[in-house]
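Engineer: Below are the structure tokens for one structure; questions will follow.
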Amino acid sequence: SCWGAGLPLAFDNKLKGRQATLPSVEFVAFGDDDEAYFVQFTDGQNQWGGVPIELSNVLKRSTCSVHTLALAPDDGWFVKFKDGAYEWFGLPISLHNLLNGRQKSLPGVDDVTIGPAGEWYVLFEDGSWRCNNVTDACNDRIDIIQREGGEVTHIAFGHQSSWLITYEPGEVKRRRRR
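Structural data, given as structure tokens:
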């Protein structure tokens, strides 16, 4: 693993000097402050710090490892466990309404990311996705990707309206179908 400066000190200390024989990082999530983090290793063990007490309690009582976890502004969070169960609290209202009103017969949530300005992305188990409150620049790039036949697979959000879109280009998608 490698990481840059400015991450939560407890996270940095956890990984600094970690023996190569120990399980590697499988998944990590950071909050919008300088202290909140969650890290899960390939053996299913995890550690967190600076997260809301409600999330900490959910993580402590779970018997399953985490599939995905997102920290939202104002102590909000979303967590999905590898057994398919998920919980959330304090999400942006548009994301809360989408998840809360979703029919059980529809595909479940696979991934969620939430940015510091309340922007969000959710991927469903059938590959469909939704996002909201994204910048015009991000929206424009999504339109270009889709116009060119590409498929968005993930969107991450950072400070100062930064974003990163992961996608499969149209050419790759066409090659897979052959």
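If you read the sequence shown in this note's numbering, its first letter stands for residue 57, the second for the next number, and so on. Every residue gets a Cβ at the ideal spot worked out from N, C-alpha and C, and that includes glycine. What you are looking at is a predicted structure, and each value in this text was computed from that prediction instead of being measured.
Fully enclosed by the region 69-105, which beta strand (DSSP E) runs are 3 residues long or longer?
Structural biologist: Within the region 69-105, the complete beta strand (DSSP E) runs of at least 3 residues are 81-86, 93-97, 102-105.
Engineer: Alpha carbon to alpha carbon, how far is PHE86 from THR119?
Structural biologist: Distance between the alpha carbons of PHE86 and THR119 is about 22 Å.
Engineer: Quick one: Cα of ASP99 to Cα of PHE137, how far?
Structural biologist: Distance between the alpha carbons of ASP99 and PHE137: 14 Å.
Engineer: Are the CB atoms of PHE134 and VAL81 within a distance shorter than 8 Å?
Structural biologist: Not in contact: VAL81 and PHE134 (Cβ atoms no closer than 8 Å).
Engineer: If TYR142 and VAL122 are in contact, beta carbons under 8 Å, what's the gap, nearest whole angstrom?
Structural biologist: That pair is no contact at about 10 Å.
Engineer: Would you list the one or two residues that DSSP bridges to ARG186?
Structural biologist: VAL178, per the DSSP bridge assignment.
Engineer: Report the rounded CA-to-CA distance for PRO90 versus ALA66, giving the unit in angstroms.
Structural biologist: The sequence given here has Asp at residue 90, not Pro. If I take the Cα positions, the gap works out to 10 Å.
Engineer: For PRO225 and VAL95, what's the separation of their Cα atoms in angstroms?
Structural biologist: Straight-line Cα distance between these residues: approximately 30 Å.
Engineer: Quick one: is the Cβ of TRP144 within less than 7 Å of any heavy atom of the ligand COA?
Structural biologist: Of ligands this structure carries none, so the ligand COA is not represented either.
Engineer: In three-state terms, what does DSSP make of VAL135?
Structural biologist: Correct three-state label for VAL135: strand.
Engineer: Using the Cα positions of LEU127 and GLY205, report the straight-line distance between them to the nearest angstrom.
Structural biologist: Whole-angstrom Cα-Cα distance: 31 Å.
Engineer: Whole angstroms is fine: what's the gap from GLY73's alpha carbon to PHE97's?
Structural biologist: So the two alpha carbons sit approximately 15 Å from each other.
Engineer: Could you spell out the range, first to last residue, of the alpha helix (DSSP H) harbouring ALA193?
Structural biologist: Note, ALA193: alpha helix (DSSP H), 192-203.
Engineer: By a C-beta neighbour count over all protein chains shown, 10 Å radius and 16 as the cutoff for buried, is ILE149 buried or exposed?
Structural biologist: Exposed, because fewer than 16 other Cβ atoms sit within 10 Å of the Cβ of ILE149.
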